[in-house]
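Notes for the one structure printed next.
Protein chains: 2
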Amino acid sequence: MHRSRLYGLFIDTPRDEAPAAAAFWSAALGVAARPVPGEEQFIALAGAHPALTVDVQAVDDAPRYHVDIETDDGAAETARLTGLGAVEVARWLDCHILRAPGGHLLCVVPIHTDPEFFAAHARTWP
Amino acid sequence: MHRSRLYGLFIDTPRDEAPAAAAFWSAALGVAARPVPGEEQFIALAGAHPALTVDVQAVDDAPRYHVDIETDDGAAETARLTGLGAVEVARWLDCHILRAPGGHLLCVVPIHTDPEFFAAHARTWP
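Shown next, in the form of structure tokens:
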């Protein structure tokens, strides 16, 4: 048995345009834009949404959004989602990067939110 | 003075693949997938997140996500966001479709959530 929940929205932006994107989304959503210490490609927009993490991420790729699913068991959650038709396209540290049926990117990541919030909102899978 | 908040995540999917995408996301997030009456290009994933509307949308375009910002004044919110650097690229009914600095699509839409929830979570702009 393991648990997971839709955790984050990432505004993946070509590296050169990431500062402009962070400035826009910061002003658009009314929150500060702050680089994540140790992972400076992520610019956190803390407070942009009451129950969803929103970051700008600088990438070497075309602009896109992706979503993160946080889980207490990355291998089990990845197996569950690939069993539903997603394809694992990459690994990055302890994140599994999948492409869903229909073509969208999602990442399976360890629990990032407060454990009590996770416990209250995650779904349990057999 | 007007108000707005980040309201929705839309999984825009090429029309032919939208049923497979809806089936995947429904199972992945543990919720039903139901067409929105009168707007059958939208397949609602109600309950996918406690405070964010999540839909699959069938589109005649490449797969992408987009976000919606709901507001009590679409013209004022669109003017605010274009003033921050976004470009209005289309209109669809009472929705303003914008491209943000960095290249991401967002839509400005009328209030869709419960008015009390909107009032509790929206930001106020001068």
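Line by line, the protein sequences are chains A and B.
Numbers 14 to 139, taken from the working numbering, label the letters of the first sequence in order.
Numbers 14 to 139, taken from the working numbering, label the letters of the second sequence in order.
Even glycine gets a Cβ: it sits at the ideal position worked out from N, Cα and C.
Rounded separation between residue 93 of chain A and residue 111 of chain A - CA only: Here residue 93 of chain A refers to the residue found at position 80 of the first sequence. Here residue 111 of chain A refers to the residue found at position 98 of the first sequence. Approximately 12 Å, taken between the alpha carbons.
Since residue 79 of chain A contacts residue 23 of chain A with CB under 8 Å, what's their CB separation in whole angstroms? Indexing the first sequence from 1 puts residue 79 of chain A at position 66. Indexing the first sequence from 1 puts residue 23 of chain A at position 10. Sure, about 5 Å apart at Cβ, within 8 Å.
Could you tell me which chain B residues have their CB closer than 9 Å to the CB of residue 24 of chain A, listed as they occur along the chain? If you number the first sequence from 1, residue 24 of chain A lands on position 11. By Cβ distance, chain B contributes 80, 113, 115 and 117.
Taking 9 Å as the CB-CB cut-off, is residue 69 of chain B touching chain A? Start at 1 with the first residue of the second sequence, and residue 69 of chain B comes out as number 56. Output row for residue 69 of chain B: interface = yes.
For residue 42 of chain B, three-class secondary structure by DSSP: Walking along the second sequence from the start, residue 42 of chain B turns up at place 29. If DSSP states are grouped into helix, strand and coil, residue 42 of chain B belongs with the helices.
For the alpha helix (DSSP H) containing residue 88 of chain A, name the first residue and the last one. Residue numbering aside, residue 88 of chain A sits at position 75 when the first sequence is read from its first letter. 87–96 is the span of the alpha helix (DSSP H), which, as asked, contains residue 88 of chain A.
To the nearest whole angstrom, what separates the beta carbons of residue 83 of chain B and residue 115 of chain A, a pair I think is in contact under 8 Å? Residue numbering aside, residue 83 of chain B sits at position 70 when the second sequence is read from its first letter. Residue numbering aside, residue 115 of chain A sits at position 102 when the first sequence is read from its first letter. That belief does not hold up - the Cβ atoms of residue 83 of chain B and residue 115 of chain A are roughly 24 Å apart, past 8 Å.
Using a beta-carbon distance cut-off of less than 8 Å, what residues from the segment 30–53 of chain A approach chain B? 30, 31, 33, 34, 36, 37, 38, 40, 41, 42 and 43
What span of residues does the alpha helix (DSSP H) with residue 134 of chain B cover, start to end? By one-based count along the second sequence, residue 134 of chain B stands at place 121. It spans 128–134 - the alpha helix (DSSP H) in which residue 134 of chain B sits, taken as one unbroken run.
Within chain A, the residues that residue 63 of chain B reaches when beta carbons sit closer than 7 Å: Along the second sequence, read from residue 1 onward, the residue named residue 63 of chain B stands at position 50. Neighbours of residue 63 of chain B on chain A, chain order: 64 and 134.
Chain A residues whose Cβ lies nearer than 7 Å to that of residue 97 of chain B: Locating residue 97 of chain B in the second sequence gives position 84, counting from the first residue. Ordered by position in chain A, the residues that pass the 7 Å Cβ test against residue 97 of chain B are 37, 40 and 41.
Looking at C-alpha atoms only, which residue of A:86, A:16 and A:32 is the closest neighbour of residue 72 of chain A? Locating residue 72 of chain A in the first sequence gives position 59, where the first residue counts as 1. It is A:32 whose Cα lies nearest to the Cα of residue 72 of chain A.
Anticipated Cβ contact below 8 Å, residue 60 of chain A with residue 44 of chain A, distance rounded: As a position in the first sequence, residue 60 of chain A is number 47, starting the count at 1. As a position in the first sequence, residue 44 of chain A is number 31, starting the count at 1. Right, their Cβ atoms sit about 5 Å apart.
Counting only beta-carbon separations shorter than 9 Å, does residue 106 of chain B have a partner in chain A? In the second sequence, counting from the first residue as 1, residue 106 of chain B sits at position 93. By this cut-off, residue 106 of chain B is not an interface position.
Measuring CA to CA, which of B:90, B:17 and B:74 is closest to residue 26 of chain B? Looking up residue 26 of chain B in the second sequence gives position 13. For residue 26 of chain B, the nearest C-alpha among the options comes from B:74.
In chain order, what residues of the same chain lie with their CB nearer than 7 Å to the CB of residue 87 of chain B, ignoring the 5 residues before and after it? For this step, residue 87 of chain B is matched to residue 74 along the second sequence. The beta carbon of residue 87 of chain B is closer than 7 Å to those of 107, 109, 121 and 123 in its chain, skipping five residues each way along the sequence.
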